[in-house]
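Participant: Structure in structure tokens, see below.
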Amino acid sequence: MSGFYHKHFLKLLDFTPAELNSLLQLAAKLKADKKSGKEEARLTGKNIALIFEKDSTRTRCSFEVAAYDQGARVTYLGPSGSQIGHKESIKDTARVLGRMYDGIQYRGYGQEIVETLAEYAGVPVWNGLTNEFHPTQLLADLLTMQEHLPGKAFNEMTLVYAGDARNNMGNSMLEAAALTGLDLRLVAPQACWPEAALV
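Taking the UniProt record's numbering, the leading residue of the sequence shown gets 1, the next gets one more, and so forth.
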């Protein structure tokens with residue numbers, strides 16, 4: 001786990017295939033330890049800011065429960081409780097929160113916002129969703145695939161996604177396929193194809 005100390009998680013391509021595999025192994029271990037009652041709190045005394053410019057029940061609960069299970073305390077900053085990018089610049093917000101918190105999760109709009117937070121906060125920043133990417137969801141999806149297809153490598157699996165493939169999920173699926181060798185099939189009308197630069 002020390003290889004991830006102070007590392008940002010802004011999109012899947014921030015990691016090598018080996019690092020992504022290590023993250024999945026760690027996630028599987030933490031999940032199994034929790035289920036068996038053997039989970040060890042590794043974040044006791046740490047504080048995490050959860051910035052939500054876009055509301056989400058599942059993402060908020062996932063981050064809060066994971067933090068609590070690991071011994072951390074969280075502060076939720078919802079759409080009406082944050083002045084990020086309005087009365088306070090993103091850079092200033094990052095600097096201030098980085099002095100108070102040990103990590104920052106951001107769920108909101110442009111990818112450039114989470115990247116600016118990461119550049120100026122001085123603490124790890126995790127992308128809970130932007131308009132362009134949803135890497136934490138894909139990490140969970142990859143873990144689910146491993147759990148339901150035990151013994152199969154990703155390059156032996158096929159994932160079919162039907163819908164708007166130009167959104168954050170489609171973009172993150174493309175990154176996941178590039179890192180894992182997953183056979184990804186995106187089915188969408190041409191107007192909803194991902195950007196050529198991502199393919």
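Glycine included, each C-beta is placed from N, C-alpha and C at the ideal position.
It should be emphasised that the depicted structure is a prediction, and the values quoted were computed from it without experimental measurement.
1. In this structure, how does DSSP classify L184 when only helix, strand and coil are distinguished?
2. Give every residue of the same chain whose Cβ lies closer than 8 Å to the Cβ of R28, excluding the five residues on either side of it in the sequence, and list them in chain order.
3. In terms of alpha-carbon separation, which member of E112, L186, G128 lies closest to K91?
4. Among L30, R166, V187, whose alpha-carbon lies nearest the alpha-carbon of V160?
5. Determine the contact status of G45 and E19, defining contact as a CB-CB distance below 9 Å.
6. Would F52 pass as a contact of V125 if the rule is Cβ separation under 9 Å?
7. Suppose you measure from the CA of L149 to the CA of A140; what does that come to, to the nearest Å?
8. Among S36, E39, D69, K38, which one has its Cα closest to the Cα of residue 224?
9. Could you name the residues that DSSP lists as bridge partners for L143?
10. Taking the DSSP output, what are the residues bridged to W193?
11. Under a three-way DSSP split, which group does A28 fall into?
12. Going by DSSP, what residue range makes up the alpha helix (DSSP H) through A66?
13. Taking the alpha-carbon of N131 as reference, which of A165, A66, T57 has the nearest alpha-carbon?
14. Just to check my reading of the structure: L138 and M157 have Cβ atoms closer than 8 Å, yes? What is that Cβ distance to the nearest angstrom?
15. What would DSSP say about N168, mapped onto helix, strand or coil?
16. Using C-beta distances below 7 Å, list every residue in its chain close to A118, excluding the 5 sequence neighbours before and after it, in chain order.
17. Please report the straight-line C-alpha distance between V114 and V123, rounded to a whole angstrom.
18. When DSSP builds the beta bridges, which residues end up paired with L161?
19. Could you name the residues that DSSP lists as bridge partners for V125?
Facilitator: In terms of the structure at hand:
1. strand
2. In the sequence under discussion, the amino acid at residue 28 is Ala, which differs from the Arg named in the question. These residues qualify, in order along the chain: L143, Q146, E147.
3. E112
4. V187
5. no
6. no
7. 14 Å
8. Missing from the structure shown is residue 224; the chain here goes from 1 to 199 and no further.
9. According to DSSP, L143 bridges with nothing at all.
10. In DSSP, W193 forms no bridge with anything.
11. helix
12. 57–69
13. A165
14. At roughly 14 Å, the Cβ-Cβ gap does not stay under 8 Å, so L138 and M157 are not in contact.
15. helix
16. H8, L10, V125
17. 12 Å
18. According to the sequence displayed, residue 161 carries Tyr and not Leu. Answer by DSSP bridge pairing, in chain order: L186.
19. I104
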